[in-house]
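A.B. asks:
Protein chains: 2
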Amino acid sequence: MSLPANAPRLGVLGGMGPLATADFLVKVIRATPAASDQEHMPIIIHNVPQIPDRSRAYLNGSDAPWPHLLDGLRTLEAAGAAAIAIPCNTAHVWHARLANETDLPVLHIGQAALDVLALECPQARKVAIFATTATLKARIYHDPLVLRGYVPLEPDDTMQASHVSAGIAAVKAGRVEAGRLLLAEAAQALARQGAQALLMGCTEIPVALDGARLDMPAVDPTNALARSCVEWWHAAKVKLSLRDAQV
Amino acid sequence: MSLPANAPRLGVLGGMGPLATADFLVKVIRATPAASDQEHMPIIIHNVPQIPDRSRAYLNGSDAPWPHLLDGLRTLEAAGAAAIAIPCNTAHVWHARLANETDLPVLHIGQAALDVLALECPQARKVAIFATTATLKARIYHDPLVLRGYVPLEPDDTMQASHVSAGIAAVKAGRVEAGRLLLAEAAQALARQGAQALLMGCTEIPVALDGARLDMPAVDPTNALARSCVEWWHAAKVKLSLRDAQV
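As they're listed, the protein sequences go chains A and B. The numbers in numbering that gives the first Met the number 0 rise by one with no breaks, and the one at position 61 of the first sequence is 60. The numbers in numbering that gives the first Met the number 0 rise by one with no breaks, and the one at position 157 of the second sequence is 156.
#1: Output yes if chain B places a C-beta closer than 8 Å to the C-beta of A168(A); else output no.
#2: Among all the DSSP beta bridges, which residues are the ones paired with L9(A)?
#3: What first and last residue would you give for the beta strand (DSSP E) that runs through I108(B)?
#4: Return the Cβ separation of I43(A) and G10(A) in integer angstroms, given the expectation that the two are a contact with Cβ distance under 8 Å.
#5: Is it buried or exposed, Q195(A), if we count other Cβ atoms within 10 angstroms and call 16 or more buried?
#6: Of all Cβ atoms in chain B, is any one closer than 8 Å to the Cβ of L18(A)?
#7: Give every residue of the same chain whose Cβ lies closer than 7 Å to the Cβ of V145(A), excluding the five residues on either side of it in the sequence, and list them in chain order.
#8: If you follow the beta strand (DSSP E) that V206(B) is in, where does it begin and where does it stop?
#9: So V47(A) is in the alpha helix (DSSP H); what residue range does that whole segment cover?
#10: Alpha carbons only, please: which of V229(B), S54(B), Q187(B) and L97(B) is nearest the one belonging to A217(B)?
#11: Does T89(A) get closer than 8 Å to chain B when you measure Cβ to Cβ?
#12: Spell out the partners DSSP gives I128(A) in its beta bridges.
#13: Please state the DSSP three-state secondary structure of A172(A).
#14: Taking the beta carbon of L118(B) as the centre, do at least 16 other beta carbons fall within 10 Å, making it buried, or is it exposed?
#15: Counting C-beta neighbours from all protein chains within 10 Å, is the total for V237(A) 16 or more, i.e. buried, or is it exposed?
#16: With DSSP run on the structure shown, which of helix, strand or coil describes L69(B)?
#17: Nearest by alpha-carbon distance to D52(B): which of G60(B), P64(B), P41(B) and H45(B) is it?
#18: Report back the beta-carbon spacing between T101(B) and L72(B) to the nearest angstrom; my notes put them in contact at under 8 Å.
#19: Cβ closer than 7 Å: which chain B residues qualify as neighbours of P48(A)?
#20: So, M215(B) versus A185(B), is the Cβ gap smaller than 8 Å?
#21: Name the residue from R29(B), H39(B), P41(B) and A90(B) whose alpha carbon lies nearest to the alpha carbon of G16(B).
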């Protein structure tokens with residue numbers, strides 16, 4: 000199928016960090032059934048990392064990232080985006096406010112991850128969450144998990160600091176192998192506590208745990224968000240062709 | 000150094016194809032000296048693959064890609080880009096016209112590749128070019144090579160069809176290993192004909208030849224373009240801080 004030049008475009012509010020945005024882009028491309036360049040999703044990416052650290056801001060009660068997020072949203076709207084995706088878990092602290100500021104659908108990385116969890120781990124009830132301390136405290140994964148009847152588990156404060164936060168920081172600093180060891184050890188500990196699945200709720204974590212052997216299945220929210228973008232796009236294309244057929 | 004929110008932004012005219020754009024983004028990130036998210040280059044990416052095949056258009060004397068390229072340029076200008084990069088060799092057929100349409104610098108992938116060639120292969124005089132047939136016929140690499148005193152070599156028509164074009168098509172179809180075999184065989188043939196360096200003048204080729212053992216050094220223009228973007232960015236930041244210091 001050849002696509003019209005006015006095919007719906009995805010807007011990516013990215014740069015948090017840049018490597019996570021690149022990883023997301025690759026996952027969108029891989030999740031798209033396409034035999035030629037032209038069949039791939041049109042995407043405008045706002046990869047502007049000059050935005051204050053989301054975790055630190057949330058934990059300090061600061062709203063500093065907000066004007067940057069809003070500016071990115073406006074840029075994507077002006078560039079013709081028809082939906083917004085944010086490949087950063089912690090930035091979802093501001094998801095509801097962003098969704099409130101625009102008529103475009105703003106896809107939610109947590110909802111996308113829980114859809115994949117239900118599909119791929121239908122037996123799991125106890126679900127471990129690895130994420131930044133801000134994502135944990137903001138209950139970005141906890142609330143939707145509880146709503147859907149799951150029991151969320153998280154590392155205790157000591158392990159959160161020594162293994163999860165330290166593992167994420169190692170990946171951000173380019174020490175992927177060190178990050179993998181820390182995160183895999185934490186995953187083993189949670190599995191011993193009864194976790195039946197793992198939500199890798201920070202975009203650095205799937206980068207580290209890619210290919211690692213764990214004692215439970217792991218859901219990659221970046222990949223889940225990519226899949227939900229492809230689903231949005233297919234639905235938007237169908238709507239567009241129905242509308243064009245009526246003209 | 001913390002960057003101002005008005006730090007100069009790179010505009011990427013991408014989507015040709017999408018995987019080449021993702022590869023370019025990763026290469027820009029890797030080429031940037033940065034210890035935190037905030038020190039990375041702000042980039043707006045127009046990844047819209049709904050543009051007619053550049054090779055086919057050029058070979059058929061068609062200008063069909065032009066309005067799409069111009070539309071992408073205008074979108075990037077409106078989103079605040081301060082320079083433009085195009086991670087697609089064949090699209091450089093339209094480079095001069097794009098540069099004519101804007102006040103922004105439009106970096107040239109061929110010039111960037113020749114700068115790296117001079118730096119990394121100072122002894123090479125005879126240089127093999129692997130590229131789409133359109134890039135060869137448009138002399139995107141030939142003319143600048145001759146201007147700088149090099150002797151360009153290209154595969155004969157048979158090998159161009161059976162190995163280079165077929166190898167590029169294999170990568171585009173996801174058969175990277177098949178592409179690697181074809182392209183590595185062609186590289187051996189050119190080395191036997193006296194080539195002392197290889198320009199991998201199509202964004203699919205470095206993807207295939209990554210890690211392959213060749214009889215000559217190979218220059219990756221995607222990576223060269225990424226490096227020239229980082230150089231542009233550092234110069235633009237210095238200009239900005241000098242201007243701000245004068246205010």
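In this text, a Cβ means the ideal position worked out from N, Cα and C, and glycines have one as well.
C.D. replies: Let me spell this out:
#1: no
#2: I42(A) and A82(A)
#3: Here I108(B) belongs to no beta strand (DSSP E); instead the alpha helix (DSSP H) covers I108 to E119.
#4: 5 Å
#5: buried
#6: yes
#7: P151
#8: That residue, V206(B), is in no beta strand (DSSP E); its alpha helix (DSSP H) goes E203 to L208.
#9: Unbroken run through V47(A): none, as it is neither H nor E.
#10: Q187(B)
#11: no
#12: L198(A)
#13: coil
#14: exposed
#15: exposed
#16: helix
#17: P64(B)
#18: 6 Å
#19: D36, Q37, H39 and P41
#20: no
#21: A90(B)
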